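In the numbering used here, the protein residues as written are -2 to 277.
No residue lacks a Cβ here, since even glycine has one placed at the ideal position from N, Cα and C.
Keep in mind that this is a model prediction, so the values were computed, not measured.
Remarks on the structure that follows.
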Ligand code: PDD
């Protein structure tokens, strides 16, 4: 069955969801996006995603394409029109469509599109088994805090992971892990959860933010600092977070087994805590 997608104010069957070849998202990757999870037909961490969206828009000097109320109504409508029980909503805003010229076009409306993708997020077999990651050099630009659609480096990293039989690639810069191609990276050592501090070097994950809140509530110790691949190989546990995977255990890094090749207890507890909140 065809999905209903959203294009600049209209809900249309996906075959009819089209934008111009002059769209600046297409020509310059001049745009930003958000991916919001849906569980039991409800948006997960929506406010955090919208806060980040507002920040991304400000940082690339792009105006809101509609009011915040309209954007929320669109998200809810998309869930309803697609009978989405579990999965996510992808939304993208670009600087609109104009003849090719690097500087900002004048008097052009931003492009806003959205679509849904159904996916088992709660009963995900990958989360029971745990997944593997490889490390790759971080070749991205210097403003990774902006959720830009300029994703060629993550595409190449994810493809390298796929070709190595891995689920995700952890990117490494100056000898330290920055983050995954589409997720934040964590290790657990002696009961302590370690993840890189927020800066321009990584995206401030909404799942990361929720995890910090839950961990603090439940007395799980967190340390914000960068770690090396060697530290990760020797860790007790490892995991990643994203709206598309929630808390995903990692059992192998660069073909080295982590934590005996099983999802660890701290990771499992954090995943359960996250799911409990998302489902209620
Ligand atoms: N990616 N880091 C990067 C580089 C990401 O692309 C993402 C999300 C995250 C995690 O952020 P959050 O917890 O807010 O999803 C971290 C989305 C899911 C994607 O590109 O599909």
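For residue 26, the shortest C-beta to heavy atom distance toward the ligand PDD is 8 angstroms or greater. Under the three-pair Cβ rule at 8 angstroms, the stretch 9 to 21 counts as touching the stretch 88 to 100. With a cut-off of 8 angstroms, the C-beta of residue 116 is classified as distant from the ligand PDD, since no heavy atom of the ligand falls inside that distance. Taking residue 249 as reference, the option from 262, 233 and 238 with the minimal CA-CA separation is 233. Residue 225 is a Cβ neighbour of residue 173, given a cutoff of 9 angstroms. Rounded to whole angstroms, the separation of the alpha carbons of residue 124 and residue 183 is 15 angstroms. Per DSSP, the beta bridge partners of residue 186 are 189. Here the stretch 189 to 199 makes contact with the stretch 208 to 223; the two share three or more CB pairs at distances below 8 angstroms. Look at residue 88 here: in three-state DSSP terms it is strand. Restricted to the stretch 32 to 74, the alpha helix (DSSP H) segments that are unbroken, complete and at least 4 residues in length are 43 to 56, listed in chain order.
Within the same chain, 36, 37 and 119 come within 8 angstroms of residue 276 by CB-CB distance, once the 5 residues on both sides are set aside.
Taken in chain order, the complete beta strand (DSSP E) segments of 3 residues or longer contained in the stretch 182 to 259 are 189 to 192, 219 to 221, 234 to 239 and 243 to 250. Inclusion of residue 163 and residue 128 in the CB contact set at 9 angstroms is warranted, their separation being smaller than that value. Under the 10 Å beta carbon count, residue 204 is surrounded by 16 or more other beta carbons and is classified as buried. Contact fails between the stretch 244 to 260 and the stretch 5 to 19, because fewer than three Cβ pairs, one in each stretch, are under 8 angstroms apart.
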